Structure formats: structure tokens, C-alpha cells
Amino acid sequence: MTWNGYQRGEDDGPSECDGRYHSDGDMVAALSTRWYESGRQCKRMIRITSTQNGRTVEAKVVDECDSNSLAAWKALGLHVNVGEALVTWSDA
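The sequence shown begins at 999 in our numbering and counts up one residue at a time.
Now the structure itself:
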């Protein structure tokens, strides 16, 4: 998983699933192409678990990629400066 900004002016344009920008405080996530399933996962809640420390959060799928919001990284106890972190996910 990587970190991605979903606010206006950060990284890419608005989220693919809902056409909106999201605050860095929102629990949102993007799934890799395979898991995104051509948008079938849009707006569904997923459970993300850090393999590093076992912490778990729930986030709403808003885009296709392999990134999560700053809020999700913080809730998982991860530091965005590491670049990427290993996680597992499942339906919430």
C-alpha cells in the first residue's frame, strides 16, 4: 500500500468512484486493478490490516490504485515517509 492525497490539488484528480475530492481525514482507499474489479468495489467498505503491527481500519473504496488516505495510514500506526507498507484487505 502507498499513500495518496485525495484532496483538490493533491496527486490526481477527483476519485473515480464518486467524482469527488476527499479530505486527508476521510477513511478512503484505492484498490489495485485486480481487486478493484472494473469498479465493482466502488463505495464498498473494506478492512485493511497492517502486516507490520496487526492494526486494522475500515475504509471506503473510492478509486483504483493501491493507495490509502493519510487518515488510514495514521490509524494503522504507519508513517507515510516509509513509502509503502504491506497490508491485507478483506470485505468489511
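For glycine and all other residues, C-beta sits at the position ideal for the given N, C-alpha and C. All figures in this text were calculated on a predicted structure; none of them were measured in a lab.
By how many angstroms is the C-alpha of residue j removed from the C-alpha of residue i?
i               : j               : result
glutamate 1008  : tryptophan 1087 : 25 Å
serine 1067     : valine 1026     : 6 Å
glycine 1003    : glycine 1023    : 10 Å
tryptophan 1033 : glutamate 1062  : 9 Å
arginine 1053   : valine 1080     : 17 Å
Is residue i buried or exposed, if buried means 16 or more other CB atoms sit within 10 Å of its CB?
i              : result
alanine 1090   : exposed
histidine 1020 : buried
lysine 1041    : exposed
serine 1030    : exposed
glutamate 1035 : exposed
So, helix, strand or coil for residue i, using DSSP?
i               : result
alanine 1027    : strand
asparagine 1066 : strand
Using 8 Å for Cβ pairs, my map puts residue i next to residue j. What's the rounded Cβ distance?
i               : j               : result
alanine 1028    : glutamine 1050  : The pair is not a contact, with the Cβ atoms about 20 Å apart (cut-off 8 Å).
isoleucine 1044 : valine 1059     : 6 Å
valine 1055     : leucine 1076    : Valine 1055 to leucine 1076, Cβ: 10 Å. No contact.
valine 1078     : isoleucine 1046 : With 8 Å as the limit, valine 1078 and isoleucine 1046 do not qualify as a contact, their Cβ atoms being about 15 Å apart.
Practice prompt. Would you mind listing the beta strand (DSSP E) stretches within the stretch 1029 to 1061 that are 3+ residues and don't spill past its ends, in chain order?
Written response: The beta strand (DSSP E) runs lying completely inside the stretch 1029 to 1061 and spanning 3 residues or more are 1043 to 1048, given in chain order.
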